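Residue numbers (the working numbering): 452 to 631.
Note that CB positions come from ideal geometry on N, CA and C, so glycine has one too.
What you are looking at is a predicted structure, and each value in this text was computed from that prediction instead of being measured.
What follows is a set of notes on a single structure, which appears directly below.
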């Protein structure tokens with residue numbers, strides 16, 4: 452009986468932290484921020500065939516950000532040109548809708564990454580450690596910043612997670628990736 456009581460507490464804490472993270476995500480979903488604006492602008496410039504040399508001129512870059520409708524945002528043009536590829540899937544949308552789409556994509560990638568990583572490390576949500584770990588993850592400040600700023604970190608985590616899975620399970624080809 453005592454064990455079931457603790458299990459309910461663990462699940463309650465998990466649900467509360469997950470709801471807190473989801474509420475935060477919804478709050479920031481429509482707000483273009485400087486991180487998002489930089490990725491979006493470089494992708495939009497690529498999509499429109501703009502000269503990428505202009506991407507590294509501070510004034511021109513911020514003028515582009517403003518011309519795309521993000522008048523309250525300033526950013527330093529310091530992303531790699533290849534980062535523009537990541538946002539191509541949403542760069543054709545207006546900034547507000549692109550931020551919403553990117554936030555949804557990021558949340559899906561985050562959940563899929565957690566699923567893969569829990570499989571890699573044999574962590575189950577049927578056990579208290581799994582529920583507790585997810586609760587702690589939902590309290591970790593960097594995931595909140597990644598959502599608010601519209602960053603690429605959940606995409607990178609999602610790309611990295613299957614590599615860990617392949618390395619652990621010795622799936623063909625993955626065991627050679629650590630040399631790269």
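Reduced DSSP secondary structure (H/G/I, E/B, other) of residue i
{"i": "residue 596", "result": "helix"}
{"i": "residue 527", "result": "coil"}
{"i": "residue 512", "result": "helix"}
{"i": "residue 544", "result": "coil"}
{"i": "residue 471", "result": "helix"}
{"i": "residue 496", "result": "helix"}
{"i": "residue 554", "result": "helix"}
{"i": "residue 461", "result": "helix"}
{"i": "residue 631", "result": "The predicted model places residue 631 with a pLDDT of 46, which falls under 50 and marks its position as unreliable; any figure quoted below should be read in that light. Correct three-state label for residue 631: coil."}
{"i": "residue 520", "result": "coil"}
{"i": "residue 632", "result": "One cannot answer for residue 632 here, as it falls past the ends of the chain, which runs 452 to 631."}
Close-in-space but distant-in-sequence residues of the same chain around residue i (CB under 6 Å, 5 per side omitted)
{"i": "residue 585", "result": "465"}
{"i": "residue 500", "result": "none"}
{"i": "residue 494", "result": "535, 538, 539, 542"}
{"i": "residue 503", "result": "532"}
Same chain only: Cβ atoms within 7 Å of residue i, ignoring 5 sequence neighbours per side
{"i": "residue 558", "result": "476"}
{"i": "residue 582", "result": "461, 462, 465, 576"}
{"i": "residue 574", "result": "580, 581, 584"}
Integer Cβ distance of residue i from residue j, believed to fall under 8 Å
{"i": "residue 661", "j": "residue 612", "result": "The structure shown does not extend to residue 661, since the chain is modelled only from 452 to 631, so the question has no answer here."}
{"i": "residue 513", "j": "residue 525", "result": "5 Å"}
Own chain residues within Cβ distance below 8 Å of residue i, not counting five before or after
{"i": "residue 615", "result": "567, 568, 571"}
Segments of 4+ residues assigned as alpha helix (DSSP H) that fall wholly inside the stretch 556-625: 579-588, 592-600, 604-620
Between the stretch 513-525 and the stretch 545-556, can you find at least three pairs of beta-carbon atoms closer than 8 Å?
Yes: at least three Cβ pairs fall under 8 Å.
Report task. May I ask you to verify whether the stretch 481-494 touches the stretch 600-614, counting CB pairs closer than 8 Å and requiring at least 3? Result -> yes
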